[in-house]
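First comes the structure, then the notes that go with it.
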Amino acid sequence: MTAKSIEFQIDNHLTIAAEAWGNPDSPAVILLHGGGQTRHSWGKTAQTLAEQGWYAIAYDARGHGKSSWSPEGNYSFEYLIHDLKVILSQLQGKPALVGASMGGLTSMLTQGETKEALTSAVILVDVAPRVEQKGVERIFKFMSANMAEGFANLEEAADAVAAYLPHRTRPKTLTRLEKNLRKKEDGRYYWHWDPKILDSWKKSTPEQILSDTQRMYDAANNLNVPTLIVRGGMSDVVSEQVMAEFLDKVPHVRSVDVTGARHMVAGDSNHTFSEAVINFLKEVYPPN
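Residue numbers (our numbering): 65 to 352.
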């Protein structure tokens, strides 16, 4: 089974690049990656979903990968939600959403801030209304480290990733890593996302973070579709305390831990992650 490249036209100036697996007539599952990642961050999850009978679509968020970059730097959740709603309107039925980090919050807000059932299920991947700021700051530090100067070659980029993710086995080939980079005219490799994204995130004040957290909790409480949170067992973004707090405040959400995984759950333990997603979807949103 191979992926088909597709596009979603958001407006006259912005196009979302995506890959689709499986039969378009099957129940759709949309995979939304985290900030600074691309649609390739899901490993074999999309293909596995298609093999199990779903129509799996993984897309690059605006400003990421091969999707359009916003000249105005419009990367707030309002724009990410708008993009997702346009994509949902162009698909059959009510797809399930699988969102990691930024993609998870986008999914939660899109469904949780409306009474209309736009989706059939929401799966949050290592993200909750409140997160550990130290974990978020570690992500920001990694994203900022080589943003301006890039990397001389793929090996140098792989060294940076290995330092950031020391628990992972270093891949034998750098093909997947190369998909998250772009080679510019100066011959150097740069992460495949718009630096303006990080600028907009860093502007958040403590007051804004508190306001956003309340907004996320309100959305989570309003979710009217089956919801699962998949947490990395070693995550420094969604700690055990954060997870317990979330489940206490939003008791209708189900949860599962992926042992040995950190924040990037799908990349750390792809088979176990995919299995958790499929087991939940088979129960609440079975394929044809």
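Every residue gets a Cβ at the ideal spot worked out from N, C-alpha and C, and that includes glycine. Treat the numbers as computed from the prediction; the structure is a model and nothing was measured.
{"Query": "If contacts are defined as beta-carbon pairs under 8 Å, then G86 and G167 qualify, I think. What distance do you get, rounded to the angstrom?", "Result": "Not confirmed; about 20 Å, so no contact."}
{"Query": "Looking at R295 and S319, is the spacing between their C-beta atoms short of 9 Å?", "Result": "yes"}
{"Query": "Three or more C-beta pairs closer than 8 Å, one from the segment 216-232 and one from the segment 111-121: is that the case here?", "Result": "no"}
{"Query": "Is H146 near the ligand GDP, judged by its Cβ being under 8 Å from some heavy atom?", "Result": "Within the structure as shown, the ligand GDP is missing, as the structure has no ligands at all."}
{"Query": "Spatial neighbours of F206 within its chain, please: C-beta separation below 6 Å, excluding the five flanking residues on both sides.", "Result": "Y228"}
{"Query": "Just to check my reading of the structure: V25 and Q175 have Cβ atoms closer than 8 Å, yes? What is that Cβ distance to the nearest angstrom?", "Result": "Past the edges of the chain, shown from 65 to 352, lies residue 25, and the structure says nothing about it."}
{"Query": "Could you work out which residue in T66, N244, Y123 is closest to G163 when comparing CA atoms only?", "Result": "Y123"}
{"Query": "If you drop the 5 nearest sequence neighbours on each side, which residues of the same chain put their C-beta closer than 8 Å to that of S140?", "Result": "S264"}
{"Query": "Would you mind stating whether R252 and F215 have Cβ atoms separated by less than 9 Å?", "Result": "yes"}
{"Query": "Which of the three DSSP states is assigned to S132 in this structure?", "Result": "coil"}
{"Query": "Run through the segment 185-234 for me and flag every whole alpha helix (DSSP H) of 4 or more residues, listed as ranges in chain order.", "Result": "197-209, 218-228"}
{"Query": "Do V93 and Y281 have their beta-carbon atoms positioned less than 9 Å apart in this structure?", "Result": "no"}
{"Query": "Compute the Euclidean distance between the alpha carbons of T323 and F310, then round it to the nearest angstrom.", "Result": "19 Å"}
{"Query": "Going by DSSP in three states, T291 sits in which element: helix, strand or coil?", "Result": "strand"}
{"Query": "Taking 8 Å as the threshold, find out whether the segment 188-203 comes into contact with the segment 300-314 through three or more Cβ pairs.", "Result": "yes"}
{"Query": "DSSP state of S90, grouped into three classes?", "Result": "coil"}
{"Query": "In the DSSP output, what is Q73 paired with across the bridge?", "Result": "T79"}
{"Query": "Please report the distance separating the alpha-carbon of R279 from that of K130.", "Result": "30 Å"}
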